[in-house]
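Visitor: The opening residue of the sequence shown carries number 25 in the numbering used here; numbering runs sequentially from there.
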Amino acid sequence: MSKKVFVDLTHPFSADIPRWPYFDKPVIDNKHSLAKGGVLTQYIGCTMHTGTHCDAPRHVMEKEFDGKRARYTHEMPVDAYTGDAVCLEIEIEAWGLITGKHLEDACRRANIKPEELEGMIVCLNTGMHRKFDDSKEYYHYSCGTGIEAGKWFVEHKVKCVAMDMQALDHPLHTAMGNNGMTRMNLLGASGRPITEEYIEKFGEEAYAEFDKELYIKLHGKEAYDKKFGELEEIGCWGTWEPCHKEMLGHGIVGVENLGGNLDKVSGKRFRFYCFPLRWYLGDGSMARCVAEIEEDDLNDVPERTYQYGGF
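1) Quickly, what does DSSP pair T34 with across the bridge? List them, please.
2) Beta-carbon within less than 7 Å of V325's beta-carbon, same chain only, minus the 5 sequence neighbours each way: which residues are those?
3) In its own chain, which residues sit with a C-beta less than 7 Å from the C-beta of F335, not counting the 5 before and 5 after it?
4) Below 8 Å on the Cβ atoms is my guess for Y14 versus V314; work out the distance and round it to an integer in Å.
5) Would you call the CB atoms of V146 and V102 closer than 8 Å?
6) How is V314 classed by DSSP in three states: helix, strand or coil?
7) So what does P217 bridge to, in DSSP terms?
8) To which residues of the same chain is G227 closer than 8 Å at the C-beta, ignoring the five residues directly before and after it?
9) Helix or strand or just coil, what does DSSP make of T123?
10) Assign E233 to buried or exposed, taking buried as 16 or more other Cβ atoms, counted over all protein chains shown, within 10 Å of its Cβ.
11) Since G291 contacts A134 with CB under 8 Å, what's their CB separation in whole angstroms?
12) How about E172 and T123: are their beta carbons less than 8 Å apart?
13) Is there contact here, the stretch 32–49 with the stretch 295–315, by at least three beta-carbon pairs under 8 Å?
14) Residues bridged to A109 by DSSP?
15) What span of residues does the beta strand (DSSP E) with Y231 cover, start to end?
16) Tell me whether R93 sits in a helix, a strand or coil according to DSSP, three-state version.
17) Count the other CB atoms, across all protein chains shown, that sit within 10 Å of the CB of K27; report buried if there are 16 or more and exposed otherwise.
18) Extract the residue ranges of the alpha helix (DSSP H) inside the stretch 144–191, only unbroken runs of 4 or more that lie entirely within it.
19) Taking contact to mean at least 3 C-beta pairs separated by less than 8 Å, is the stretch 265–283 in contact with the stretch 183–193?
20) Measure the alpha-carbon distance for G215 versus K125 and round it to whole angstroms.
21) Could you tell me if E86 is buried or exposed, where buried requires 16 or more neighbouring beta carbons within 10 angstroms of its beta carbon?
22) Whole angstroms is fine: what's the gap from P300's alpha carbon to M187's?
23) Tell me the DSSP bridge mates of K28?
24) To which residues of the same chain is E161 closer than 8 Å at the C-beta, ignoring the five residues directly before and after it?
25) Take Y330 and list the residues in its own chain whose beta-carbon comes closer than 7 Å to its own, dropping the five residues that flank it on each side.
26) Answer yes or no: do E280 and H77 have a C-beta to C-beta separation smaller than 8 Å?
27) Figure out for me which residue from N285, L238, K241 has the closest Cα to the Cα of R328.
28) From the DSSP output, in three-state form, read off G61 for me.
29) Looking at chain B, is there any beta carbon in it that lies within less than 8 Å of the beta carbon of V63?
30) At the level of alpha carbons, what is the spacing between A247 and G259?
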């Protein structure tokens, strides 16, 4: 048996790290310098959902499906984001919505049965981590999950899902599209809203998955309630970040912007380590994500390098 090695699955952090479209730029300053004070002490101010980070239920909902108040970071078990893991390689078209079909196909290729995922960490490699940058390609046009994937994770009783994308939901399920209190409906590469671009590319019926009013118009209220009703019953807007809420509301925590050398462990089983800050009343936390794996099991791919921020 070969020796075990640690593989970093975290994007490097800096003041120039790419961040979600309306997040503040991290501020990094020195409180002491070696030349003047003999020590180097730095100050960091930023949103905790910057770069590779964890989400706690309180980030997106007031109460979970058991009727209790949604939990903060400090209320989650210390190993909530850590455990035996598998990295599923998702094959999907650009901007596509990940469903159970994609997840089951990835399980077959990783030689793991969906029923074996109970209690495990599921890492998703969609290839988006290779595009991590301050760009429309990474944020606006990412593939992503939705209500069906969220229900799939719940059905198979996974412990945590770590995704290499901008969020635990497809961008059109977020405020980048036409959902949420801060609905931005951002402009795409054509200069038109990304919602219009999506309809042009995939059709109105496909876009309805992201739009409550359109879904009801096309399919009826009964069909909407069948798909999104569980969320609506606890006071959540069904098409607004449904995978977040479906997972977190059932105690399945999430990690966003997984990166680093993810390709080295793609399709493999390993031990996943991720620990958020023990932040009292926290909604999430930046974290270091690491895989522990047999050296002989590593995929033979180049070491990840980063070009964002002018480096």
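Glycine included, every Cβ here is placed at the ideal spot set by N, Cα and C.
Note that the structure is predicted; figures quoted are calculated from it, not measured.
Guide: Concretely, from the data shown:
1) L282
2) D287, K288
3) The predicted model places F335 with a pLDDT of 46, which falls under 50 and marks its position as unreliable, so this point remains unresolved.
4) As displayed, the chain neither begins before 25 nor continues past 335, which places residue 14 out of reach and without an answer.
5) Cβ distance not < 8 Å, so V146 and V102 don't count as in contact.
6) DSSP places V314 in strand when its eight states are reduced to three.
7) L211
8) none
9) Here T123 sits in coil by DSSP.
10) buried
11) Between A134 and G291 the Cβ distance is about 5 Å, and since that is below 8 Å, they are a contact.
12) yes
13) Verdict: yes, contact present.
14) The beta-bridge partner set that DSSP reports for A109 consists of I145, F294.
15) Note, Y231: premise wrong, no beta strand (DSSP E); alpha helix (DSSP H) at 228–231.
16) The answer is strand: DSSP assigns R93 an E or B state.
17) exposed
18) 160–163, 171–179
19) yes
20) 33 Å
21) exposed
22) 16 Å
23) Residue pairing from DSSP places K28 in a beta bridge opposite E318.
24) K155
25) P36
26) yes
27) N285
28) helix
29) The chain labelled as chain B is not found in the depicted structure, where only one protein chain is given.
30) Between A247 and G259, the C-alpha separation is close to 18 Å.
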